[in-house]
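Counting from 1 along the sequence shown, just add 657 to a position and that's the residue number in the numbering used here. Even for Gly, the Cβ is constructed at its ideal location relative to N, Cα and C. A quick note: this is a predicted structure, and the numbers were derived from the prediction, not measured.
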Amino acid sequence: MRPGTRWPPPWITPDEARTLLREWADGQHRLHRGDVERAADSPLGLTPERHAQVLALTELGDNETVRAAIR
Numbered sequence: 658m659r660p661g662t663r664w665p666p667p668w669i670t671p672d673e674a675r676t677l678l679r680e681w682a683d684g685q686h687r688l689h690r691g692d693v694e695r696a697a698d699s700p701l702g703l704t705p706e707r708h709a710q711v712l713a714l715t716e717l718g719d720n721e722t723v724r725a726a727i728r
């Protein structure tokens, strides 16, 4: 990403950004599971724990912070 580039872009709604993040996380988790099944030495992707953490972020409200969510 170029310096000064905003993510998400202003034309993407919060719900669309959440969907993109969930889809990315799911793909990364599938990558990890595949590597584990193949007994890769250093599995890539998201572990089940990290996958759950990313999905939890997608459940936050538009103005909710991570700190508020973990209380």
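Which of the three DSSP states is assigned to residue i in this structure?
i	result
Ala696	coil
Leu701	coil
Asp683	helix
Gly691	helix
Leu717	coil
Could you tell me the distance, in whole angstroms, from the CA atom of residue i to the CA atom of residue j?
i	j	result
Ala674	Gly684	15 Å
His708	Pro667	26 Å
Arg695	Leu717	34 Å
Glu721	Pro671	12 Å
Do residue i and residue j have their C-beta atoms closer together than 8 Å?
i	j	result
Pro700	Asp692	yes
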